[in-house]
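Structure record follows, encoded as structure tokens.
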Amino acid sequence: MKDYKKVLTSIIVSVAAMVSLSACSQANGASRSSTAASTVTAETSDLSSSANESAGDSPTQDTGKGNILIAYFTLPMEDGVDAVSRASRKQSDDGTFGNIMYMAHVIQKNAGGELFSIETAQKYPTDNMDDLLEFAAKEKSDNARPELSTHIENLDDYDTVFIGYPNWNADLPMPMYTFFEEYDFSGKTMIPFVAHGGSGASRTVSTIKELEPGATVIDDPVTVYWDELDNAESIVTEWVQNLEY
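Numbering (the numbering used here), first residue to last: 33 to 277.
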């Protein structure tokens, strides 16, 4: 009888031990699963963060130098010559552009910002260079102020304004006079860029300073000669990268 009780007691102890070990094993397994789940969540979070950072790395994002506007005036000629500067249109992977428009896109690619095209209500003769030259010369002699058909609605949003235009008869195109009289750029940094047929920027930068005395106008504009248009991207890119503003 005593031997029977000993055997029964031994069986009970063994079963209890097995139950205890099983419970311990399940608890440890749950703990390991919880740890693994936490690790996966953390890794997924890191990947998501990296993806968001990559998505924000846009060529037109704010560069940290303030909000940027790139305003430009151009009249692409129908025969492939761009206004009085006589520059051919530029063919790129993004399309075909007149010289100033192309320079504006290169600036945006390197500095960010928003593009704004300065356009006039009146139409200019763009099918014949001589007619356009004569028209532009008469506008200058009349000290004309052509009406603009596009307008900046949120100028206060911008700290830096790139200003692009062709050099017409060693002067600003007359629509640019209208533009500068319409807006007060006081407190803003203005950076000219110019296309020309051999005269560079002439004294157009000094004229902008006179028209916008409250603005800081950069003295070193980029100028692209018509036969340099194929090199415009490298010229403008290097200029933007070396600007201090």
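Even glycine gets a Cβ: it sits at the ideal position worked out from N, Cα and C.
Could you please give the first and the last residue of the uninterrupted beta strand (DSSP E) stretch that includes residue 221?
221-228
Any heavy atom of the ligand NAP within a distance shorter than 6 Å of the CB on residue 189?
Of the ligands one can find in the structure shown there are none, so the ligand NAP has no counterpart to examine.
The alpha helix (DSSP H) that contains residue 292, what's its start and end?
No answer is possible for residue 292: it lies beyond the span of the chain, which begins at 33 and ends at 277.
In its own chain, which residues sit with a C-beta less than 6 Å from the C-beta of residue 53, not counting the 5 before and 5 after it?
Bear in mind that the predicted position of residue 53 carries a pLDDT of just 38, short of 50, making it unreliable; the figure below should be weighed with that in mind. Contacts found: none.
Quick test of the definition: if touching needs 3 or more C-beta pairs under 8 Å, does the segment 133-150 touch the segment 160-176?
no
Under 8 Å by Cβ, that's how I've got residue 187 and residue 223 pegged, so tell me the actual separation to the nearest angstrom.
In fact, because the Cβ distance is near 15 Å, the residues do not count as touching under 8 Å.
Decide if the segment 262-269 is in contact with the segment 235-243; the criterion is three or more beta carbon pairs, one per stretch, under 8 Å apart.
no
Only counting the same chain, and skipping five residues up and downstream in sequence, which positions put a Cβ closer than 7 Å to that of residue 71?
With a pLDDT of 27 at residue 71, under the threshold of 50, the modelled position of that residue is not reliable, and the figure given next carries that caveat. Hits under 7 Å: none found.
Shortest alpha-carbon distance to residue 148 belongs to which of 180, 158, 154 and 176?
180
Determine the extent of the alpha helix (DSSP H) in which residue 266 is found, giving its start and end residues.
264-273
Measure the beta-carbon distance from residue 225 to residue 249 and round it to whole angstroms, keeping in mind my assumption that it falls under 8 Å.
Not confirmed; about 12 Å, so no contact.
Local Cβ density within 10 Å of residue 64, reported as buried at 16 or more and exposed below that
A caution first: residue 64 carries a pLDDT of 37, below 50, which makes its placement in the model too unreliable to give a value.
Between the alpha carbons of residue 277 and residue 162, how many angstroms are there, rounded?
39 Å
With distances taken Cα to Cα, identify the nearest neighbour of residue 232 among 271, 191 and 256.
256
Does the beta-carbon of residue 154 have 16 or more other beta-carbons within 10 angstroms, so that it is buried, or is it exposed?
exposed
Pull up the DSSP beta-bridge partners for residue 203, would you.
200
Within 10 angstroms of its Cβ, does residue 108 collect 16 or more other Cβ (buried), or is it exposed?
buried
Taking the C-alpha atoms as reference points, what is the distance between residue 260 and residue 221?
27 Å
Could you give the DSSP three-state label for residue 150: helix, strand or coil?
coil
Cβ-based neighbour list, residue 146, same chain, cut-off 6 Å, excluding 5 preceding and 5 following:
101
Using beta-carbon positions only, say whether residue 189 and residue 131 come within less than 7 Å of one another.
no
Mind checking whether residue 198 and residue 176 have CB atoms under 7 Å apart?
no
If you draw a straight line from the alpha carbon of residue 252 to that of residue 194, how long is it in whole angstroms?
12 Å
Per DSSP, which residues does residue 277 bridge with? Please list them.
Beta-bridge pairing links residue 277 to no other residue.
Taking the beta carbon of residue 202 as the centre, do at least 16 other beta carbons fall within 10 Å, making it buried, or is it exposed?
exposed
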